[in-house]
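K.L.:
Quick one: structure below, then a few questions.
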DNA sequence: TGACGATCTTAACCTGAGTTAAGAATATAG
DNA sequence: CTATATTCTTAACTCAGGTTAAGATCGTCA
């Protein structure tokens, strides 16, 4: 399958974008590759593109003003959308960095083109709603993990629910994502030997 | 102002719903009052209504399976929408309880009627998108509070940003909202005397 | 007003995460 | 296959929040 076919298929699965609706968008999609450590979007930058990951892993992180520590917020991988949602929707500067952690390939579309598609087609409007819902679910799940689970439970659930992330990301990035320091994650892992 | 006028005004402010667009919806809105402790929506119930709070305060909480503790997730008050968003959008059973903490008055609309309005009017479609964005912001802010702030910082920011909640809700409910136990909140408050 | 229930604080002890720094294990490149 | 950098674990200590139970304070209403 070509990359465009992969995209078409994914959009169909996700939002019922059929061949005709996809055709409306086809001239708008562009392709970009990222090296390890390259940014999809940076702090204070307005996110102008919605990306679909053909291959690779991205992380979105926050830099704490006080401790200057990086705190991982989201991971995005293959066949997922990558976007700084709030910045993209409101076209305001982003609070985060979104960085490629691997060699990556992305197909992306400009916010203006997407808005055109919303106006032209109910299918694409539906897509916009579903992206909003997906973003909500992502944020709400993240909030729930921190409100209701201990770091140990978050660790176990990450292994269960996102083995793709767990297996492809160094542990110190996992620790940051779980909201703890690397030594704490080591202790949790040690505690669990035998359980 | 009548309650309907309050609603009309708020919808206009929030999403540019003009007199004509409001007229489309006017026969759909119903009114309900809640006593202290009455539920807007309960665990395992599908949330079928989007409410606009004329007066009162609601809280959404989760009950921990293990500890059987209540954990407050959101507060909603006057001139805000009250809804179990995920349940409402997906029409699936809710994970939460949403309870009135005071005598309250709500104007509400059924999900089917709202979907009708989406189909009929771009104004209402816009409203739907904005509700989705509001829900995202609420969830994302909550996630950020827990990912990036200490309980003490969360407490200070609550006082700053939501004095209405802080002043109208008992401290043990605030503690739960901040993700800590009541004695911890007492210690934080004590620590801060003199700061 | 005074008695009750609700709310808030305090104390004592426990536990798990933070911090720092050192060292072990693992990858990667030359 | 060794040297080097990266990643992971461990140790020792500190500290904030959890837990439990007691007591203080506040509100309310008979």
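Protein chains in written order, with this note's numbering: chain A, 112 to 306; chain B, 112 to 306. For glycine and all other residues, C-beta sits at the position ideal for the given N, C-alpha and C.
Determine the contact status of residue 248 (chain B) and residue 168 (chain B), defining contact as a CB-CB distance below 7 Å.
P.N.:
Going by C-beta atoms, residue 248 (chain B) is not nearer than 7 Å to residue 168 (chain B).
K.L.:
List the residues of chain A that residue 290 (chain B) touches, going by C-beta distances under 8 Å, in chain order.
P.N.:
Residues of chain A passing the Cβ test: 257, 258.
K.L.:
For residue 138 (chain A), count neighbouring Cβ atoms within 10 angstroms of its own Cβ and tell me buried if that reaches 16, exposed if not.
P.N.:
Exposed, because fewer than 16 other Cβ atoms sit within 10 Å of the Cβ of residue 138 (chain A).
K.L.:
Would you list the residues sitting across from residue 170 (chain A) in a DSSP beta bridge?
P.N.:
Answer is A:186, A:210, bridged to residue 170 (chain A).
K.L.:
Threshold first: 3 residues or longer. Then list the beta strand (DSSP E) segments lying entirely within the stretch 231-291 of chain A, N to C.
P.N.:
For the stretch 231-291 of chain A, not a single whole beta strand (DSSP E) run of length 3 or above is found.
K.L.:
From the beta carbon of residue 177 (chain B), is the nearest beta carbon of chain A less than 7 Å away?
P.N.:
Chain A contact via Cβ: absent.
K.L.:
Return helix, strand or coil for residue 201 (chain B), following the three-state DSSP convention.
P.N.:
Looking at residue 201 (chain B) - three-state DSSP - the assignment turns out to be helix.
K.L.:
Which term fits residue 188 (chain B), buried or exposed, when burial requires 16 or more other beta carbons within 10 angstroms of its beta carbon?
P.N.:
So residue 188 (chain B) counts as buried.
K.L.:
Could you check what DSSP says for residue 297 (chain B) in three-state terms: helix, strand or coil?
P.N.:
The answer is helix: DSSP assigns residue 297 (chain B) an H, G or I state.
K.L.:
Which residues in chain B sit within 9 Å of residue 302 (chain A), going by Cβ to Cβ distance?
P.N.:
Correct list: empty, because the minimum Cβ distance to chain B is about 18 Å.
K.L.:
Output yes or no for whether 7 Å exceeds the beta carbon distance between residue 219 (chain A) and residue 145 (chain A).
P.N.:
Taking 7 Å as the Cβ cut-off, residue 219 (chain A) and residue 145 (chain A) do not qualify as a contacting pair.
K.L.:
Please confirm if residue 112 (chain A) has its CB atom under 7 Å from at least one CB of chain B.
P.N.:
Not one chain B Cβ lies under 7 Å of residue 112 (chain A).
K.L.:
Relative to chain B, which residues along the stretch 218-252 of chain A have a C-beta separation below 8 Å, given in chain order?
P.N.:
Flagged, chain order: 236, 239, 240, 243, 244, 246, 247, 248, 250, 251.
K.L.:
Just to check my reading of the structure: residue 162 (chain A) and residue 194 (chain A) have Cβ atoms closer than 8 Å, yes? What is that Cβ distance to the nearest angstrom?
P.N.:
The Cβ separation is near 6 Å, so the contact holds.
K.L.:
Nearest-angstrom Cα distance between residue 256 (chain A) and residue 176 (chain B)?
P.N.:
Between residue 256 (chain A) and residue 176 (chain B), the C-alpha separation is close to 14 Å.
K.L.:
Under three-state DSSP, which class holds residue 116 (chain B)?
P.N.:
Three-state DSSP puts residue 116 (chain B) in a helix.
K.L.:
With a Cβ-Cβ cutoff of 7 Å, do residue 185 (chain A) and residue 171 (chain A) count as a contact?
P.N.:
Result yes, Cβ atoms of residue 185 (chain A) and residue 171 (chain A) sit closer than 7 Å.
K.L.:
So which of B:202, B:206, B:181, B:113 has the shortest CA-CA distance to residue 165 (chain B)?
P.N.:
Measuring from the Cα of residue 165 (chain B), the nearest candidate turns out to be B:113.
K.L.:
From residue 127 (chain A) to residue 174 (chain A), what distance separates their C-alpha atoms?
P.N.:
Those two C-alpha atoms are separated by around 37 Å.
K.L.:
Just verifying my parser: in three-state terms, what is the DSSP assignment at residue 152 (chain A)?
P.N.:
Residue 152 (chain A) falls in the strand class under three-state DSSP.
K.L.:
Just curious, the beta strand (DSSP E) that residue 137 (chain A) is in, first and last residue?
P.N.:
That residue, residue 137 (chain A), is in no beta strand (DSSP E); it is neither H nor E in DSSP.
K.L.:
Under 7 Å, do residue 132 (chain B) and residue 221 (chain B) count as touching if we go by C-beta distance?
P.N.:
Cβ atoms of residue 132 (chain B) and residue 221 (chain B): not closer than 7 Å.
K.L.:
Beta-carbon within less than 7 Å of residue 242 (chain A)'s beta-carbon, same chain only, minus the 5 sequence neighbours each way: which residues are those?
P.N.:
For residue 242 (chain A), where only same-chain residues beyond five positions count, the Cβ hits under 7 Å are 192.
K.L.:
According to a CB-to-CB cut-off of less than 8 Å, which residues of the stretch 181-198 of chain A neighbour chain B?
P.N.:
If the cut-off is 8 Å between Cβ atoms, the stretch 181-198 of chain A has 182, 184, 196, 197 near chain B.
K.L.:
Does the beta-carbon of residue 197 (chain A) have 16 or more other beta-carbons within 10 angstroms, so that it is buried, or is it exposed?
P.N.:
So residue 197 (chain A) counts as buried.
K.L.:
With DSSP run on the structure shown, which of helix, strand or coil describes residue 193 (chain A)?
P.N.:
In the structure shown, residue 193 (chain A) sits in a strand (DSSP, three-state: E or B).
K.L.:
Between residue 157 (chain B) and chain A, is the shortest Cβ-Cβ distance under 7 Å, so that the two count as touching?
P.N.:
No, residue 157 (chain B) does not count as interfacial toward chain A.
K.L.:
Could you check the C-alpha separation between residue 217 (chain A) and residue 140 (chain A) for me, to the nearest Å?
P.N.:
Cα-Cα distance, rounded: 10 Å.
K.L.:
So, using beta-carbon positions, are residue 232 (chain A) and residue 122 (chain A) closer together than 7 Å?
P.N.:
In this structure, residue 122 (chain A) does not lie closer than 7 Å to residue 232 (chain A) by Cβ.
K.L.:
Answer with yes or no whether the minimum CB distance from residue 200 (chain B) to chain A is below 7 Å.
P.N.:
At least one chain A Cβ lies under 7 Å of residue 200 (chain B).
K.L.:
Would you kindly work out how many angstroms separate the C-alpha atoms of residue 253 (chain B) and residue 254 (chain A), rounded to a whole number?
P.N.:
Taking the straight line joining both Cα atoms gives about 6 Å.
K.L.:
By how many angstroms is the C-alpha of residue 297 (chain A) removed from the C-alpha of residue 266 (chain A)?
P.N.:
Their backbone Cα atoms lie some 11 Å apart in a straight line.
K.L.:
Hey, would you say residue 290 (chain B) sits closer than 7 Å to residue 251 (chain A), going by beta carbons?
P.N.:
Not a contact, by the Cβ cut-off of 7 Å.
K.L.:
List, in chain order, every chain A residue whose beta-carbon is nearer than 9 Å to that of residue 173 (chain B).
P.N.:
Those within 9 Å of residue 173 (chain B) in chain A are 255, 258, 259.
K.L.:
Buried or exposed for residue 148 (chain A), please, with buried defined as at least 16 other CB atoms from any protein chain shown within 10 angstroms of its CB.
P.N.:
With fewer than 16 Cβ atoms within 10 Å of its Cβ, residue 148 (chain A) is classed as exposed.
K.L.:
Do the CB positions of residue 285 (chain A) and residue 263 (chain A) come within less than 7 Å of each other?
P.N.:
Not closer than 7 Å, so no.
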